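Asker: Counting in our numbering, the sequence shown runs from 36 upward without gaps.
For every residue, glycine included, the Cβ atom is placed at its ideal position computed from N, Cα and C.
What you are looking at is a predicted structure, and each value in this text was computed from that prediction instead of being measured.
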Amino acid sequence: MMRAMNTLERTEAAEHALSQELDRLVIVKSTIYTSGERDPRVPMPRPSSEGKRLLMGHDPRLPKMPDKPTLFDFFNYRFAPANHLLQSARLAQKNGMSEKVVMACLVHDIAIAGFIRGDHGYWAAQLVEPYVDEEVAWAIRYHQALRFFPDESVGYRYPDLYSTLFGPDYVPEPYIQEAHRYARGHKWYMTARMLTVNDLYAFDPNVKVELEEFTDVVGRNFRQPEEGLGLDASPSSHMWRTIMWPTRYL
Ligand SMILES: [Fe+2]
Ligand SMILES: [Fe+2]
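1) Give the secondary structure of S84 by DSSP, where H, G and I count as helix, E and B as strand, and everything else as coil.
2) Could you check whether E164 and T226 sit closer than 8 Å to each other, using their CB atoms as the reference points?
3) Quick one: give me the first and last residue of the alpha helix (DSSP H) that T231 is part of.
4) Ignoring anything shorter than 4 residues or poking outside the region 134-195, list the alpha helix (DSSP H) runs there in chain order.
5) Can you give me the Cβ contacts of I67 inside the same chain, cut-off strictly under 6 Å, excluding the 5 residues immediately before and after it?
6) Within the chosen definition, does the region 228-242 reach the region 176-191 through at least 3 CB pairs nearer than 8 Å?
7) Consult DSSP for S198 and reduce its assignment to one of helix, strand or coil.
8) Report the three-state DSSP secondary structure of L97 (helix, strand or coil).
9) Are the region 99-115 and the region 214-226 touching by the rule of at least three beta carbon pairs closer than 8 Å?
10) Let me know the secondary structure DSSP gives S65 once reduced to three states.
11) Hey, F114 and L264: beta-carbon distance below 8 Å or not?
12) To the nearest whole angstrom, what separates the beta carbons of H143 and A159, a pair I think is in contact under 8 Å?
13) So, under 8 Å CB-CB, K87 and N256 are touching, yes? Tell me the CB distance rounded to an integer number of Å.
14) Closer than 7 Å: is that where the CB of D195 sits relative to any heavy atom of ligand 2?
15) Does the pairing of the region 201-208 with the region 241-251 give three or more beta-carbon distances under 8 Å?
16) Mind checking which residues open and close the alpha helix (DSSP H) that includes N256?
17) Which whole-angstrom value is the C-beta distance of M138 and V167, which I expect to be below 8 Å?
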């Protein structure tokens with residue numbers, strides 16, 4: 036009779052299976068992942084795929100997501116660590132903010148955590164727009180611009196971190212300045228502003244906030260599609276699928 040494998044043997048067997056699977060697969064990165072490191076005008080060399088298949092679904096190097104993924108599944112399998120988001124949401128709660136602000140805080144930087152960095156407020160807003168109140172998506176979209184502009188009335192200052200990261204002379208692009216001007220005059224300005232007030236930069240690496248703290252808030256403020264996030268036909272489902280399967284050939 037065969038002896039049961041111990042943990043080390045199981046790990047090694049799994050690694051061996053993965054490397055065998057990878058040997059049979061060609062995985063091609065999207066231009067957006069490589070642009071800059073390579074010139075996007077130069078044609079990608081055609082993958083040599085002799086005897087191999089192009090990846091068309093789950094990437095075996097990534098943890099597999101459940102068949103009907105929820106928002107929390109994306110946090111657990113694709114956005115972790117999400118400490119900044121969790122701590123911002125907890126701070127908003129502690130400061131007595133409305134659930135809309137707490138919900139917005141919880142997802143405001145998911146584009147940075149798991150998708151695309153540049154214009155992260157716009158990407159995050161678009162990702163969640165079909166599933167949240169309009170005001171929540173609006174606040175997430177405009178937090179990106181409002182971050183650059185102080186508002187003394189609520190004690191919001193230009194972040195010191197930005198001076199360090201971008202240099203003291205950095206001036207936001209005209210579209211960001213215009214977005215700020217527009218947001219200032221909007222009825223939901225304070226929702227987005229409160230998001231920036233609770234958007235913690237100096238978060239404490241020793242404080243661990245559990246996602247489950249927000250189960251009820253998310254239950255009330257995020258319309259989870261029955262088919263699973265990314266497998267419904269919403270205007271942003273393709274974006275969730277791209278996060279789930281980032282290396283599909285087509
Ligand atoms: Fe942000
Ligand atoms: Fe943030």
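Answerer: Once the coordinates are examined:
1) Taken through DSSP and simplified to helix, strand or coil, S84 comes out as coil.
2) Between T226 and E164, the C-beta gap is not smaller than 8 Å, which leaves the two residues out of contact.
3) Residues 224-233.
4) Counting only runs of 4+ residues, the alpha helix (DSSP H) found wholly inside the region 134-195 occupies 134-142, 145-149, 155-163, 169-181, in chain order.
5) Cβ contact annotation for I67 (same chain, cutoff 6 Å, sequence separation greater than five): none.
6) Contact between the region 228-242 and the region 176-191 is present, because at least three Cβ pairs lie under 8 Å.
7) Looking at S198 - three-state DSSP - the assignment turns out to be helix.
8) L97 sits in coil when the DSSP states are folded into three classes, being neither helix nor strand.
9) Cβ pair count under 8 Å is below three, so no.
10) Assigned with DSSP and collapsed to three states, S65 falls in coil, not helix or strand.
11) Taking 8 Å as the Cβ cut-off, F114 and L264 do not qualify as a contacting pair.
12) The Cβ separation is near 6 Å, so the contact holds.
13) Beta-carbon to beta-carbon, K87 and N256 are separated by about 45 Å, too far to satisfy the 8 Å threshold.
14) D195 Cβ: outside cutoff for every heavy atom of ligand 2.
15) They do not touch, by the three-pair rule.
16) If you look at N256, you'll find it in the alpha helix (DSSP H) that goes 250-256.
17) That belief holds up - the Cβ atoms of M138 and V167 are roughly 6 Å apart, short of 8 Å.
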